[in-house]
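Enquirer: I'd like to ask you about the structure that follows.
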Amino acid sequence: MMTINSDFEYKDVLFIAANTRSLVANRGALIRALQQRGLSVGALVPDDDFLQEVLALGVTTWRYHLDRHSMGVGGEITRFLELRRIIRAIAPQAVFAYSVKPIIFGVPAARLAGVSETYCLATGLGYLYGRHDWRTRLIRAVVNRCYAVSGGLSRTFFFQNPDDRDELQQSFLFRRMTRSVVVNGSGVDPGEYPFSEPSTAPIRFLFMGRFLEEKGIREFVSAARRLASENPEVEFIALGDVDETSVNAIRPEEVATWRKEGCVSFPGKVRDVRRYLRDASVMVLPSYYREGIPRSLLEAMSTGRPIITCDSPGCRETVEEGVNGRLVPPGDVQALADRMQAFIHDPSLVGRMGRAGRALVEARFTTDFVNRQMLDEMPIANVGGTLKGMA
């Protein structure tokens with residue numbers, strides 16, 4: 001088990017990560033781009049699940065404590081002081097925080113530790129902004145103010161879709177204090193997810209994501225039930241697992257019932273999804289979770305697979321309706337089944353829309369394109385104006 005390093009050393013840029021998986025998969029290309037500009041990179045991480053992959057990036061890591069769901073004031077103050085102590089010892093020139101708690105605690109801690117160049121990246125607003133009960137509204141109001149403070153302390157607050165920025169800019173405090181920039185998600189490397197012609201014999205529908213209510217796994221299973229009886233040759237695969245740490249997780253008992261029904265296959269959680277993408281015909285993610293831009297959709301598009309997703313923030317940005325995929329209203333199982341049925345009736349749509357999705361990735365959603373959007377906003381990455389001169 002990894003522990004906090006006893007020896008702190010200077011790093012030009014320090015990332016504050018929500019988990020090691022996202023640091024590798026979603027920030028890895030940005031880290032390499034910073035390193036190519038001669039900058040040293042470190043990271044504060046709360047787990048060691050993908051530690052070897054992080055170390056392979058040439059990133060020095062330190063452990064910090066993160067409880068994603070705790071609201072206890074005493075514990076949060078303790079974790080805030082821990083962050084400030086570690087950041088002060090590392091003394092980076094810039095701090096890059098992403099996800100909710102790294103942003104609302106990490107940025108103020110960095111500024112109190114003497115760091116003048118800080119950045120925030122909202123990778124989606126999550127379930128707090130998709131529910132409307134009184135408790136969620138109260139927590140959301142507090143989080144909005146915390147975002148405004150962290151945004152005001154940062155040089156730039158990056159968003160992955162315009163709906164998220166518009167949501168926070170409803171707050172006068174955020175709007176007044178924060179410079180915000182919208183980027184095209186986390187991007188995807190087309191070389192890591194190469195194009196392949198999809199198979200349509202049989203048609204395979206693939207869901208990839210955590211088994212959370214708002215991710216749409218329940219809608220996917222319900223649509224599969226409606227289609228399976230009349231289309232026994234069609235396959236439905238749900239890749240992922242229950243996230244029991246989340247308040248909106250699907251119960252394991254419900255997933256066990258789905259397994260017994262047999263119309264959907266559940267391979268479980270895998271580290272490399274590319275084999276499943278190659279075997280798939282159509283990617284289905286009926287999510288209304290308040291995503292940034294789901295990386296799973298970009299991976300599917302890069303592989304040359306059409307997508308079916310929700311007309312919801314972060315998801316709608318990936319679809320040109322009828323060109324590379326289809327949008328459905330959130331929670332509408334019948335509309336989802338109808339969109340899936342269209343691919344069963346006309347398999348030629350799979351190849352045509354899949355090729356259009358690959359072209360869309362190459363035009364808008366490569367990691368190089370997205371990283372350029374962010375690096376152009378980071379003075380530490382533009383010493384001598386070298387990056388600007390490449391435009």
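The sequence shown begins at 1 in my numbering and counts up one residue at a time.
Where is the CB? At the ideal position from N, CA and C, for every residue including glycine.
How far does the beta strand (DSSP E) with M208 in it reach, from first residue to last?
Expert: In the sequence shown, counting from the first residue as 1, residue 208 sits at position 208. Per DSSP, M208 belongs to the beta strand (DSSP E) from R204 to M208.
Enquirer: Does V361 come out as helix, strand or coil in the three-state DSSP assignment?
Expert: The residue labelled residue 361 in the question sits at position 361 within the sequence shown. DSSP places V361 in helix when its eight states are reduced to three.
Enquirer: Does DSSP put L14 in a helix, in a strand, or in coil?
Expert: Walking along the sequence shown from the start, residue 14 turns up at place 14. Three-state result, L14: strand.
Enquirer: With DSSP run on the structure shown, which of helix, strand or coil describes F80?
Expert: As a working note, residue 80 is residue 80 in the sequence shown. Correct three-state label for F80: helix.
Enquirer: May I have the straight-line CA-CA distance separating G325 from Q341, to the nearest angstrom?
Expert: In the sequence shown, counting from the first residue as 1, residue 325 sits at position 325. In the sequence shown, counting from the first residue as 1, residue 341 sits at position 341. G325 and Q341: Cα-Cα distance of roughly 13 Å.
Enquirer: How many Å lie between D338 and P286 at the Cα?
Expert: As a working note, residue 338 is residue 338 in the sequence shown. As a working note, residue 286 is residue 286 in the sequence shown. Taking the straight line joining both Cα atoms gives about 13 Å.
Enquirer: Count the other CB atoms, across all protein chains shown, that sit within 10 Å of the CB of T366; report buried if there are 16 or more and exposed otherwise.
Expert: Reading the sequence shown from its first residue, position 366 is the one you call residue 366. So T366 counts as buried.
Enquirer: Taking the straight line between their C-alpha atoms, what separation do you get for M2 and A110?
Expert: Within the sequence shown, the letter at position 2 stands for residue 2. Within the sequence shown, the letter at position 110 stands for residue 110. Note that M2 scores a pLDDT of 41, beneath 50, so its modelled location is shaky and nothing firm can be said.
Enquirer: Name the residue from C310, V350, V107 and Y289 whose alpha carbon lies nearest to the alpha carbon of T200.
Expert: To locate residue 200, count along the sequence shown from 1; it is residue 200. Residue V350 is the option with its Cα nearest to T200.
Enquirer: List the DSSP bridge partners of V182.
Expert: Here residue 182 corresponds to residue number 182 of the sequence shown, with the count starting at 1. In the DSSP output, where bridge partners are listed per residue, V182 has F159.
Enquirer: For R352 and A97, what's the separation of their Cα atoms in angstroms?
Expert: Indexing the sequence shown from 1 puts residue 352 at position 352. Indexing the sequence shown from 1 puts residue 97 at position 97. So the two alpha carbons sit approximately 39 Å from each other.
Enquirer: Taking V284 and F205 to be in contact with their CB atoms under 8 Å, please state how far apart those CB atoms are, rounded to whole angstroms.
Expert: Position 284 of the sequence shown, counting from 1, holds the residue named residue 284. Position 205 of the sequence shown, counting from 1, holds the residue named residue 205. V284 to F205, Cβ: 5 Å. Contact.
Enquirer: Could you tell me if K101 is buried or exposed, where buried requires 16 or more neighbouring beta carbons within 10 angstroms of its beta carbon?
Expert: The residue you call residue 101 lines up with position 101 of the sequence shown. Flag for K101 reads buried.
Enquirer: Are the stretch 319–333 and the stretch 364–382 touching by the rule of at least three beta carbon pairs closer than 8 Å?
Expert: No, because fewer than three Cβ pairs between the stretch 319–333 and the stretch 364–382 fall closer than 8 Å, the two stretches do not touch.
Enquirer: Since E291 sits in a beta bridge, which residues does DSSP pair it with?
Expert: What you label residue 291 is simply residue 291 of the sequence shown in a count that begins at 1. Looking at the DSSP assignment, E291 forms a beta bridge with G124.
Enquirer: Starting from A89, follow its DSSP beta bridges and name the residues at the other end.
Expert: As a position in the sequence shown, residue 89 is number 89, starting the count at 1. According to DSSP, A89 bridges with nothing at all.
Enquirer: Would you mind giving the Cβ-Cβ distance between E9 and T60, rounded to the nearest angstrom? I have them listed as a contact below 8 Å.
Expert: Your numbering for residue 9 matches position 9 in the sequence shown. Your numbering for residue 60 matches position 60 in the sequence shown. Their Cβ separation, rounded to whole angstroms, is 7 Å, which keeps E9 and T60 in contact under 8 Å.
Enquirer: For M283, does the three-state DSSP call read helix, strand or coil?
Expert: Here residue 283 corresponds to residue number 283 of the sequence shown, with the count starting at 1. Correct three-state label for M283: strand.
Enquirer: Measuring alpha carbon to alpha carbon, tell me which of V234, Y127, E192 and T178 ends up nearest K215.
Expert: Sequence index remark: in the sequence shown, residue 215 carries index 215 (1-based). Of V234, Y127, E192 and T178, the residue nearest in Cα terms is Y127.
Enquirer: In whole angstroms, what separates the C-alpha of D164 from that of E291?
Expert: On the sequence shown, position 164 is the one that residue 164 refers to. On the sequence shown, position 291 is the one that residue 291 refers to. Each residue's alpha carbon lies about 9 Å from the other.
Enquirer: Where do the ends of the alpha helix (DSSP H) carrying I217 lie?
Expert: Working through the sequence shown from its first residue, we reach residue 217 at position 217. First-last of the alpha helix (DSSP H) with I217: I217 to A228.
Enquirer: Applying the 10 Å Cβ sphere with the 16-neighbour rule, what's the burial state of P267?
Expert: Walking along the sequence shown from the start, residue 267 turns up at place 267. Under this definition P267 is an exposed residue.
Enquirer: DSSP three-state label for E320, please.
Expert: Taking the sequence shown and counting its residues from 1, one reaches residue 320 at position 320. It is coil, neither helix nor strand.
Enquirer: Taking all protein chains shown into account, do 16 or more other C-beta atoms lie within 10 angstroms of the C-beta of A141, making it buried, or fewer, making it exposed?
Expert: By 1-based counting over the sequence shown, the position of residue 141 is 141. By the 10 Å Cβ count, A141 comes out exposed.
Enquirer: In this structure, does DSSP put I139 in helix, strand or coil?
Expert: Position 139 of the sequence shown, counting from 1, holds the residue named residue 139. Of the three classes helix, strand and coil, the one that applies to I139 here is helix, per DSSP.
Enquirer: So P267 is in the beta strand (DSSP E); what residue range does that whole segment cover?
Expert: Here the question's residue 267 lines up with position 267 in the sequence shown. That run of the beta strand (DSSP E) goes S265 to G268.
Enquirer: Could you tell me which of F158, A91 and G28 sits nearest to S99, measuring between CA atoms?
Expert: The count along the sequence shown starts at 1 and reaches residue 99 at position 99. It is F158.
Enquirer: Determine the closest residue to A238 out of E76, K269 and L173, with distance taken between C-alpha atoms.
Expert: Residue 238 sits at position 238 when you count from the first residue of the sequence shown. Answer by Cα proximity: K269.
Enquirer: State buried or exposed for G314, treating a residue as buried only when at least 16 other CB atoms are found within 10 Å of its CB.
Expert: Position 314 of the sequence shown holds residue 314. It counts as buried.
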